[in-house]
Amino acid sequence: MTSNKKNSRMVYSTNPDFSYEEEPEEVITPPPSQQLLYVSLDKKQRKGKKVTLVTGFTGNENDLKALGKKLKSLCGTGGSVKNEEIIIQGDFRERVKSFLEKEGFKVKQKGG
């Protein structure tokens, strides 16, 4: 019987090997001053088009998406957030780096 689990729809199981699987806990995003982000330029496997990559973010995926939205708005261009990195279309390394530093992040530039 799983009476000690919150919001469980399982009332009773006759299976002696039954184990209740909990949902993964929400990831807490550390403050910007505790994060080190890397800003780089990439054009590999993108048909020669340049993109600005921001990697190294730790925390909640919703916070990463919100930061990506701010950066796309700042640069006035498109982009996406996937595989724990922010992709901004075009070469906006300096603009992105200065914005992230103003927000309190520690930023390092990778590559040329």
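First residue of the sequence shown? That's 268 in our numbering, and the numbers climb one at a time after it. Positions of the beta carbon are idealized from the N, C-alpha and C atoms, including for glycine.
Among the options, which residue has its Cα nearest to the Cα of residue i?
i       : options                               : result
Glu-293 : Lys-339, Ser-307, Lys-373 and Gly-326 : Gly-326
Lys-316 : Val-374, Ile-354, Glu-368 and Phe-372 : Ile-354
Gly-360 : Asn-329, Lys-339 and Ser-280          : One detail in the question is off: residue 360 reads as Arg in this sequence, not Gly. The shortest C-alpha separation from Arg-360 is found at Lys-339.
Ser-307 : Ser-300, Thr-322 and Pro-299          : Thr-322
Asn-350 : Val-374, Lys-336, Phe-324 and Leu-341 : Phe-324
With DSSP run on the structure shown, which of helix, strand or coil describes residue i?
i       : result
Ser-286 : coil
Asp-358 : coil
Gly-346 : strand
Ser-365 : helix
Lys-311 : coil
Gln-302 : coil
Take residue i and list the residues in its own chain whose beta-carbon comes closer than 6 Å to its own, dropping the five residues that flank it on each side.
i       : result
Pro-299 : Glu-370, Gly-371 and Phe-372
Lys-377 : Tyr-305 and Ser-307
If residue i sits next to residue j, beta carbons under 8 Å apart, how far is it from one beta carbon to the other, in whole angstroms?
i       : j       : result
Val-348 : Lys-332 : 5 Å
Give me, in chain order, the residues of the same chain whose beta-carbon lies closer than 7 Å to that of residue i; leave out the 5 immediate sequence neighbours on both sides.
i       : result
Asp-358 : Leu-308, Lys-317 and Thr-319
Gln-356 : Val-318, Thr-344, Gly-345 and Gly-346
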